[in-house]
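Protein chains in written order, with our numbering: chain A, 3 to 371; chain B, 12 to 110. Cβ atoms here follow ideal geometry from the backbone N, Cα and C, with glycine treated the same way. No experiment lies behind these values; they were computed from the predicted model shown.
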């Protein structure tokens, strides 16, 4: 008989181990649920922020009961990491019920929130049923910049109060921002602010169009050259890109297939209205959970999504830069209206990155020789 | 103080920790702040998972030991020692409590 013991393992380490174990097997280890598309903020660049008082959107949202039923089903299929997001999840009065149900089922929950609706009562509840991580998006280090992005007077102060409430209870907070033309000048300051609080910080400059194809958010994109400058401004980020480039730069492994990532293989996404898709970006095709179960969607619908093939020739199909590029069926669908079209903005960024990190790699190689 | 147990003890599972079986791995996930270290999860091997299933607040350790001896290639002494150490570890991480 082998020895019995209760070894503990860090959650992130376990994640890596488990991902190695399930490699090639279709188990929905990680997923995301948008509990609402509504938000109290009016961020100019956001792709999912219907007005808080949007009655139609509210009426069409899945009920707490439906959501808890789906949570039970995804747990049965082996999900361990679940992202609960919105819109702004705390805009729902019943969000803590959904959250607590998910936690009690043994899910490790990451919460995405803007932090402005957090109260002491919510913070205390989260402290009792701690999440794996709370990621707060903030938009600037000054009231002026923050509210220029968020579009709501008083929101800066409320966000800062929200951060303080969670930190006072030692909850695992991480800060992040979307870099836009409105706040790009404060990215460094935001990083320093997070560091001062002892918190992890990340930023993302890649803005996508709204889910209905409205391109308004793209007006706030920083240029591809500015994206690259941000990559190189931070030593750690630059190193991460370099390592990523050196490790993964190669032509697509299965060029005939549209999906080159793990979407739908070990991940899933559910929108506020019960539509399940391969990931948060890739919304079509989708499976209607209101007329079926997660199991049916995962086993009968998702494999067909994964095995979609290119229907026409595309420069992306055999592109060597595919691993450096954010291009995917989801981005293309949202921005261009079909899954196969090239997104020029992403393409330009990928080429800039390849040029920069490729040159650095070959210089290092020459140095070694 | 060193914890001890006896074969007459019965244990029940704490609701603060949830067991999950994912990709063949049996794990214990702390879910509330009273459930020990929340940055970690606990992994159980085949024997540990087998014992975990037997802990129900009804069976005494002596009964669980007998089942282990029947199921695995192990003598009663070794089974008793391993079982006691195992439940004490479970107790320490807040997964079980003696009845």
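Requested in this report: In the DSSP assignment, find the beta strand (DSSP E) that holds residue 277(A) and state where it starts and stops.
Outcome: 277-279
Query raised in the report: Quick one, which of 38(A), 6(A), 36(A) has its alpha-carbon nearest residue 57(B)'s?
Result: 6(A)
**Report entry** Close Cβ partners of residue 288(A) (< 7 Å) along its chain, the five nearest in sequence each way excluded
**Finding:** 277, 278, 279
Report task. Spell out whether any CB of chain A is found under 8 Å from the CB atom of residue 16(B). Result -> no
Query raised in the report: Can you list the residues of chain B that residue 23(A) reaches, using a CB-CB cut of under 8 Å?
Result: 34, 35, 36
Query raised in the report: Looking only at DSSP bridge pairs, what is residue 112(A) linked to?
Result: 85(A), 135(A)
Requested in this report: Could you say which of 201(A), 248(A), 35(A) lies nearest to residue 83(A) if we only look at CA atoms?
Outcome: 35(A)
Query raised in the report: Of the residues that make up the segment 200-221 of chain A, which ones have a beta carbon closer than 8 Å to any beta carbon in chain B?
Result: none
**Report entry** residue 149(A) versus residue 23(B) - alpha carbon distance
**Finding:** 52 Å
Query raised in the report: Using a Cβ-Cβ cut-off of 6 Å (strictly less than) and excluding sequence neighbours within five positions of residue 46(A), which residues of its own chain qualify?
Result: 222
Query raised in the report: On the premise that residue 217(A) lies in contact with residue 178(A), defined as a C-beta separation below 8 Å, what is that separation, rounded to the nearest angstrom?
Result: About 23 Å; that fails the 8 Å criterion.
Query raised in the report: Is residue 83(A) close to chain B, meaning its C-beta is less than 8 Å from at least one C-beta of that chain?
Result: no
Report task. Would you mind telling me which residues of chain A sit closer than 9 Å to residue 75(B), beta carbon to beta carbon, in chain order? Result -> Under the 9 Å cutoff, chain A gives no residues; its nearest Cβ is about 11 Å from residue 75(B).
Query raised in the report: Between the C-alpha atoms of residue 327(A) and residue 230(A), what's the straight-line distance to the nearest angstrom?
Result: 13 Å
Query - Residue burial classification, residue 40(A) (beta-carbon count within 10 angstroms, cutoff 16) - result: buried
Requested in this report: Could you check which residue in 147(A), 295(A), 126(A) has the C-alpha nearest to that of residue 78(A)?
Outcome: 295(A)
Requested in this report: Would you check whether the ligand MG has a heavy atom nearer than 7 Å to the C-beta of residue 53(A)?
Outcome: Absence of the ligand MG from the depicted structure is noted, as is the absence of any ligand whatsoever, leaving it without description.
Requested in this report: Go ahead and label residue 8(A) buried or exposed: buried means 16 or more other beta carbons lie within 10 angstroms of its beta carbon, across all protein chains shown.
Outcome: buried
Query raised in the report: For residue 87(B) versus residue 76(B), is the C-beta spacing smaller than 8 Å?
Result: yes
**Report entry** Extent of the continuous beta strand (DSSP E) to which residue 180(A) belongs
**Finding:** 175-180
Query raised in the report: I think residue 17(A) touches residue 51(B), with their Cβ atoms under 8 Å apart; what is that distance to the nearest whole Å?
Result: Not a contact, Cβ separation roughly 12 Å.
Query raised in the report: If you check the beta carbons only, do residue 2(A) and residue 311(A) fall under 8 Å apart?
Result: Outside the shown range of chain A (3 to 371) lies residue 2(A), about which nothing can therefore be said.
Report task. Quick one: list the residues of chain A neighbouring residue 105(B), beta-carbon separation under 9 Å, in chain order. Result -> Those do not exist, as residue 105(B) stays about 11 Å from chain A at its closest Cβ, beyond 9 Å.
**Report entry** Cβ contact check for the segment 100-108 of chain B and the segment 16-34 of chain B: 3 or more pairs under 8 Å
**Finding:** yes
**Report entry** Continuous beta strand (DSSP E) stretch holding residue 87(B): start and end
**Finding:** Premise fails: residue 87(B) lies in the alpha helix (DSSP H), 87-103, not in any beta strand (DSSP E).
**Report entry** Close-in-space but distant-in-sequence residues of the same chain around residue 282(A) (CB under 7 Å, 5 per side omitted)
**Finding:** 34, 271
**Report entry** Cutoff 8 Å: residue 78(B) Cβ touching any chain A Cβ
**Finding:** no
Requested in this report: Compare the C-beta of residue 312(A) against all C-beta atoms of chain B and say whether one is closer than 8 Å.
Outcome: no
Query raised in the report: Looking at the unbroken beta strand (DSSP E) that takes in residue 206(A), where does it start and where does it end?
Result: 202-206
Requested in this report: Report yes if the C-beta distance between residue 265(A) and residue 325(A) is below 8 Å; otherwise report no.
Outcome: no
Query raised in the report: Any Cβ of chain B within less than 8 Å of the Cβ of residue 372(A)?
Result: This structure cannot settle anything about residue 372(A), because the visible part of chain A is limited to 3 through 371.
Requested in this report: Have a look at the DSSP bridge pairing and note the partners of residue 265(A).
Outcome: 269(A)
Query raised in the report: Closest by CA to residue 28(A), which one among 81(A), 67(A), 186(A), 63(A)?
Result: 81(A)
Query raised in the report: Which value, in whole angstroms, describes the spacing of the CA atoms of residue 15(B) and residue 20(A)?
Result: 34 Å
Query raised in the report: If we cut at 8 Å on Cβ distances, does residue 100(B) have a partner in chain A?
Result: yes
Report task. For residue 65(B), decide whether its Cβ has a neighbour in chain A, counting only Cβ atoms nearer than 8 Å. Result -> no
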